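Throughout, the numbering used here is defined as the position within the sequence shown, counted from one, plus 1428. Yeah, the Cβ is synthetic: ideal placement off N, Cα and C, and Gly gets one too. Owing to the predicted nature of the structure, the values given are computational and were not obtained by experimental measurement.
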Amino acid sequence: MSMSAPPRAGARVGPAVVPATPARPGVPVRCRRPGTGPQPVRTLLLHGLGSSRAIWDRFESRVPAWLELWDAELPWASTGDSGWSHHADTTGPAARALAAVPGGADLVVAHSFAANMLLELLGRAGAATGPESVRPAMAPATPAVPLPRAVVLVSPFYRPGTGDFDWAAIDYYLNDFHRILEEGIRVSAPAGLPAEIRAAMGGRVRERIGPYGWMRFFDAYLRTPFLPVADLALPLLVVAGDGDFAARPGDGRALAGAAPDGRYALLADCGHFAMVEHPDRFAALVADFARPLSVADTAPEQILDTHLERT
């Protein structure tokens, strides 16, 4: 991987800005834990569709103190307003979250649907030279948003080619969509929560997301073959679970392999929510990946990680 030593505090590396979407209400962003050391790594956490900030609770308690943690309550949260899905371009909340971090985020860790929104924002940085098929999804060039220096994508939805989508895929993600929501409840809820209660809770979240929310999710998925992944000019780590029935693990490997500076980590006995199911392993992966963004005397020696691949 080609992450170089960081410049002085406040400097930026790689592409400086990406076009933002037209102005809409702000996204609540908070510092959930300040970082320590001479140059903490500002880390923004973006939750997926039908989730919330709470999805990062177990991760927070396990990462080193030099990672400064920020999070956003995105409008596609489980308790959010479905109005976000009435806009054709749904990258705006992620862009506004990035813009709200003071000084800009060094690292962004994005899960599931938020990972796809982040990928689209990163793709827009090279839209002027990207394939014509990508440009219709690009937003007007309005206020600029600072890009991170590196990203971690957790269980992103990605398929390399248009031929990877068929009618069976639509049927699966439409009629089994509730299973993904129920799985998030299962891994986060206290042990012993009855299955019928999980199913009822998942059903309520699905109704809150609504048909428009589902359409925005699947439309973003369908656009992934056109994303200029080969032009991403920053380090990228894709984390997948070998038992993820929502985002296929092999597709995550393909995404990391298509990026110039991509890495891929497959966690055993893990599904769609690595930060909840294996918080220790996940925290170690993120810390190892982020360590080059910090100054030398801030972080200890690198942890040998046999799950990590250089793609």
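Can you tell me the Cα-Cα spacing of Arg1484 and Met1545, whole angstroms? Residue identity check: residue 1484 is Trp in the sequence provided, not Arg. If you take the alpha carbons of Trp1484 and Met1545, they lie about 18 Å apart.
Please determine, among Val1536, Thr1519, Pro1688, Leu1549, the residue with the shortest C-alpha to C-alpha distance to Phe1645. Per the Cα distances, Thr1519.
C-beta contact flag for Leu1609 and Gly1630 at 8 Å: Yes.
Which same chain residues, not among the five before or five after Thr1557, have their C-beta less than 6 Å away from its C-beta? Because Thr1557 carries a pLDDT of 36, less than 50, the predicted location of this residue cannot be relied on, and the following value inherits that uncertainty. Within the same chain, no residue comes within 6 Å of Thr1557 by CB-CB distance, once the 5 residues on both sides are set aside.
Nearest residue (CA-CA) to Val1573, options Ala1553, Arg1587, Tyr1600: From the listed residues Ala1553, Arg1587, Tyr1600, the smallest Cα separation to Val1573 is found for Ala1553.
For Asp1708, which option in Ala1505, Ser1489, Asp1509 has the closest C-alpha, if you only look at C-alpha atoms? If we check each option's Cα against that of Asp1708, Ser1489 comes out closest.
His1539 (DSSP reduced to helix, strand or coil): Strand.
Hey, Phe1487 and Met1643 are a contact pair by Cβ (cut 8 Å); roughly how many whole angstroms apart? Phe1487 to Met1643, Cβ: 30 Å. No contact.
First and last residue of the beta strand (DSSP E) that includes Val1580? Residues 1578 to 1582.
Given a threshold of 16 other Cβ atoms within 10 Å of its Cβ, counted over all protein chains shown, does Asp1697 qualify as buried or as exposed? In summary, Asp1697 is exposed, with fewer than 16 beta-carbon neighbours lying within 10 Å of its beta-carbon over all protein chains present.
Give the single residue among Ala1693, Pro1456, Leu1472, Pro1462 whose Cα lies nearest to the Cα of Leu1575. It is Leu1472 whose Cα lies nearest to the Cα of Leu1575.
Would you mind reading off the limits of the alpha helix (DSSP H) that contains Glu1639? With the sequence shown as reference, residue 1639 is identified as Pro, and Glu is not the correct amino acid for it. Residues 1623 to 1651.
Integer-rounded CB distance, given that His1706 should sit under 8 Å from Leu1695: For Leu1695 against His1706, the beta-carbon gap comes to about 5 Å, under 8 Å, which counts as contact.
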